[in-house]
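Undergrad: Structure below; questions to follow.
Take a look at the structure:
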């Protein structure tokens, strides 16, 4: 009776990695919503400003392109960079989940994690610079009261989801996702 051993490779997908992917997808959607809106900051109830336009609400809302100020362009550029790199990090997370090669799997996860942390940094810088510079210029616009708009909060939500995705990719990196099982099969036939 001869025994035949085979090694079976089993890939286990960790739920934390799937949750990191979901965080990446949600952050991309939130970044798009935040970038597209003109409601980053509002002043005196009838003025609102986003990354691309400022609008004066009246009987008919009038929107115009933001003046070419370096700080507005820098914030917009940082948000676009965040969107592009967050998309790349999310795609790398998908590649990591689909990869059968354990070396490539962990490389994809690690690169995605680093990119997500970079995206958090870019997003947070733009979310801090925009209102700080807006406060300096609000007096020149003749507006006395201002507040954050809903899309500014959506931008912070994107940063939080990016941070969460990066942390989830960082966690549980030492445990194996690929297991090897050995099975021995015995041939019950006797040779005559």
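Numbering (my numbering), first residue to last: 89 to 280. Using N, Cα and C, we set each Cβ at its ideal position, and we do this for glycine too. Every value quoted in this text rests on a predicted model; they were computed, and no experiment measured them.
1) In the DSSP output, what is residue 162 paired with across the bridge?
2) Determine contact between the segment 244 to 256 and the segment 207 to 222, defined as no fewer than three beta-carbon pairs at a distance below 8 Å.
3) What separation, rounded to the nearest whole angstrom, lies between the Cα atoms of residue 212 and residue 238?
4) From the DSSP output, which residues share a beta bridge with residue 235?
5) Which value, in whole angstroms, describes the spacing of the CA atoms of residue 131 and residue 144?
6) What residues match up with residue 141 in a beta bridge as DSSP calls it?
7) Whole-angstrom Cβ separation of residue 196 and residue 184, contact assumed at under 8 Å?
8) Just to confirm the assignment, what range does the alpha helix (DSSP H) spanning residue 122 have?
9) By the three-class DSSP mapping on this structure, what secondary structure does residue 147 have?
10) Over the uninterrupted alpha helix (DSSP H) stretch that includes residue 214, give me the two end residues.
11) So, at 7 Å on beta carbons, what are the nonlocal neighbours of residue 176 in its own chain, with the 5 sequence-adjacent residues on each side left out?
12) Using only CA atoms, which one of 147, 201 and 161 lies nearest to residue 153?
13) Applying the 10 Å Cβ sphere with the 16-neighbour rule, what's the burial state of residue 193?
14) So, for residue 106: in the same chain, excluding its five sequence neighbours on each side, which residues have a beta-carbon less than 8 Å away from its beta-carbon?
15) CB residue 282 to CB residue 112, shorter than 7 Å?
TA: Quick answer:
1) Here the question's residue 162 lines up with position 74 in the chain shown. According to DSSP, residue pairing for residue 162 in a beta bridge does not occur.
2) Short answer: they touch.
3) What you label residue 212 is simply residue 124 of the chain shown in a count that begins at 1. What you label residue 238 is simply residue 150 of the chain shown in a count that begins at 1. Whole-angstrom Cα-Cα distance: 16 Å.
4) Residue mapping note: residue 235 aligns to position 147 of the chain shown, counting from 1. Bridge partners of residue 235: 130.
5) Working through the chain shown from its first residue, we reach residue 131 at position 43. Working through the chain shown from its first residue, we reach residue 144 at position 56. Taking the straight line from one Cα to the other gives about 10 Å.
6) Residue 141 sits at position 53 when you count from the first residue of the chain shown. Looking at the DSSP output, residue 141 shares a beta bridge with 153.
7) Position 108 of the chain shown, counted from the start, is the residue given in the question as residue 196. Position 96 of the chain shown, counted from the start, is the residue given in the question as residue 184. Contact holds; Cβ gap of about 3 Å.
8) In the chain shown, residue 122 corresponds to position 34, counting from 1. Note, residue 122: alpha helix (DSSP H), 103 to 124.
9) One-based indexing of the chain shown puts residue 147 at position 59. If DSSP states are grouped into helix, strand and coil, residue 147 belongs with coil.
10) Taking the first residue of the chain shown as 1, we reach residue 214 at position 126. From DSSP, the alpha helix (DSSP H) with residue 214 extends over 190 to 226.
11) As a working note, residue 176 is residue 88 in the chain shown. Around residue 176: 203.
12) Locating residue 153 in the chain shown gives position 65, counting from the first residue. Of the listed residues, the one whose Cα sits closest to residue 153 is 161.
13) What you label residue 193 is simply residue 105 of the chain shown in a count that begins at 1. Its Cβ being crowded by 16 or more others within 10 Å, residue 193 is buried.
14) One-based indexing of the chain shown puts residue 106 at position 18. Excluding residues within five positions, the ones whose Cβ falls inside 8 Å are 185.
15) The chain is shown from 89 up to 280; residue 282 falls before or after that span and cannot be answered.
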